[in-house]
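Q: To start, I am sharing the structure in question, which I have written as structure tokens.
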Amino acid sequence: MTANDVTLSDIRAARERIAAKVERTPTVLSPSLSGHLGAPVYLKLEHRQTTGSFKLRGASNAIASLNAEEKARGVVAASTGNHGRALAHAAKLEGMRATICMSRRVPQNKLDEIRRLGAEIRIVGNSQDDAQQEVDRLVAEGGLVMLPPFDHPGIIAGQGTLGLEIIEQVADAALVLVPLSGGGLAAGVAAAVKGVCPSTKVIGVSMALG
11 MTANDVTLSD IRAARERIAA KVERTPTVLS PSLSGHLGAP VYLKLEHRQT
61 TGSFKLRGAS NAIASLNAEE KARGVVAAST GNHGRALAHA AKLEGMRATI
111 CMSRRVPQNK LDEIRRLGAE IRIVGNSQDD AQQEVDRLVA EGGLVMLPPF
161 DHPGIIAGQG TLGLEIIEQV ADAALVLVPL SGGGLAAGVA AAVKGVCPST
211 KVIGVSMALG
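Residues in the sequence shown are numbered consecutively from 11, following my numbering.
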């Protein structure tokens, strides 16, 4: 399966797989945004996940989907923070080895938190591209399993569980706005939301620069 093949069935299976590992976070009405826009606006509180972001959903599902041989090899990823933290946490719960490759530009507090969760950190270069090159080397030379931040079917299906919750919690949602970034969250949420409620619009949102 490729990242383009993720279906509603995959997302529902992911939800069962990670039910005991992630929080079903609340979706709450924002009075200030609703008043400003003249329509009810709800916020999905993913900061309440154990590692502070939605990334835990994808990391938990991807790791839970590995077979015994893959788990024994350990996982590796490049990250600027949140994915690395989520992967470290999910790997620790499974008793697995996790290696996170990061650039020198990542803040110290993020490094400390990932180390606290038991992952090995490799500091490489000054960019995410440099960190990814180290990931590729470790996969080729060390046999580690790469679980990237977004372009992976297990990651996307896991992130898509958020979309299922949104539709269940706000059944009449007409529009879902999703941060775009690498696209993993947006792809998963779109597959879930459109699979359950085809009339609901899903729009990915990104900053103009940066």
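We put the beta carbon where it would ideally sit given N, CA and C, even for glycine.
Please name the residue, chosen from Ser75, Val215 and Gln59, that lies closest to Ile21 on a Cα-to-Cα basis.
A: Counted from its first residue, the sequence shown places residue 21 at position 11. Measuring from the Cα of Ile21, the nearest candidate turns out to be Ser75.
Q: Can His162 and Gly68 be called in contact, C-beta distance under 9 Å?
A: Counted from its first residue, the sequence shown places residue 162 at position 152. Counted from its first residue, the sequence shown places residue 68 at position 58. The answer is yes: Cβ separation under 9 Å.
Q: Assuming the contact rule is C-beta atoms closer than 8 Å, Cys111 and Ala96 should be a hit. Round their C-beta distance to whole Å, please.
A: As a working mapping, residue 111 is identified with position 101 in the sequence shown. As a working mapping, residue 96 is identified with position 86 in the sequence shown. Wrong, their Cβ atoms sit about 15 Å apart, outside the cutoff.
Q: Any contact of the region 19-38 with the region 197-217, i.e. 3+ C-beta pairs under 8 Å?
A: The region 19-38 vs the region 197-217: in contact.
Q: Taking Thr60 as part of the beta strand (DSSP E), name the residues at either end of that continuous run.
A: As a first step, residue 60 must be located in the sequence shown, where it is residue number 50. Taken as a continuous stretch (DSSP letters only), Thr60 belongs to no beta strand (DSSP E), as it is neither H nor E.
Q: Determine the direct distance from the alpha carbon of Ser40 to that of Leu53, and round the result to whole angstroms.
A: Against the sequence shown, residue 53 aligns to sequence position 43. Against the sequence shown, residue 40 aligns to sequence position 30. Leu53 and Ser40: Cα-Cα distance of roughly 7 Å.
Q: Report back the beta-carbon spacing between Gly198 and Gly173 to the nearest angstrom; my notes put them in contact at under 8 Å.
A: Position 188 of the sequence shown, counting from 1, holds the residue named residue 198. Position 163 of the sequence shown, counting from 1, holds the residue named residue 173. Right, the Cβ-Cβ distance comes to about 6 Å (below 8 Å), so this counts as a contact.
Q: Which residue spans inside the region 88-136 form an unbroken beta strand (DSSP E) run of at least 3?
A: Segments of the beta strand (DSSP E) lying fully in the region 88-136: 108-112 and 130-133.
Q: When the Cα atoms are used, what is the spatial distance from Leu187 to His57?
A: Translated into the one-based positions of the sequence shown, residue 187 becomes position 177. Translated into the one-based positions of the sequence shown, residue 57 becomes position 47. Distance between the alpha carbons of Leu187 and His57 is about 17 Å.
Q: Counting Cβ pairs closer than 8 Å, one from the region 149-163 and one from the region 126-136, do we hit at least three?
A: Because the criterion of three Cβ pairs below 8 Å is not met, the region 149-163 and the region 126-136 do not touch.
Q: So the candidates are Ala29, Ser63, Lys211 and Ala167; which of them puts its Cα closest to the Cα of Asn92?
A: Along the sequence shown, read from residue 1 onward, the residue named residue 92 stands at position 82. That would be Ser63, whose Cα lies nearest to the Cα of Asn92.
Q: Identify whether Lys211 lies in helix, strand or coil by the three-state DSSP scheme.
A: To locate residue 211, count along the sequence shown from 1; it is residue 201. Lys211: strand per DSSP, three-state reduction.
Q: Determine whether the beta carbon atoms of Val155 and Glu80 lie at a separation below 9 Å.
A: The residue labelled residue 155 in the question sits at position 145 within the sequence shown. The residue labelled residue 80 in the question sits at position 70 within the sequence shown. In contact: Val155 and Glu80 (Cβ atoms closer than 9 Å).
Q: So for Leu219, helix, strand or coil by DSSP?
A: If you number the sequence shown from 1, residue 219 lands on position 209. Three-state DSSP puts Leu219 in coil, outside helix and strand.
Q: Hey, out of Gly153, Arg25, Asp139 and Ile73, whose CA is closest to His99's CA?
A: Sequence index remark: in the sequence shown, residue 99 carries index 89 (1-based). Among Gly153, Arg25, Asp139 and Ile73, the Cα nearest to that of His99 belongs to Ile73.
Q: Specify the secondary structure class of Pro158 as computed by DSSP and reduced to three states.
A: On the sequence shown, residue 158 is found 148 positions in, with the first residue counted as 1. It is coil, neither helix nor strand.
Q: From this set, Ser70, Gly84, Arg125 and Glu33, which residue's C-alpha is nearest Leu148's C-alpha?
A: Here residue 148 corresponds to residue number 138 of the sequence shown, with the count starting at 1. Nearest C-alpha to Leu148: Gly84.
Q: Taking the alpha-carbon positions, what's the Gln142 to Arg114 distance?
A: Sequence index remark: in the sequence shown, residue 142 carries index 132 (1-based). Sequence index remark: in the sequence shown, residue 114 carries index 104 (1-based). Spanning the two alpha carbons is a distance of roughly 13 Å.
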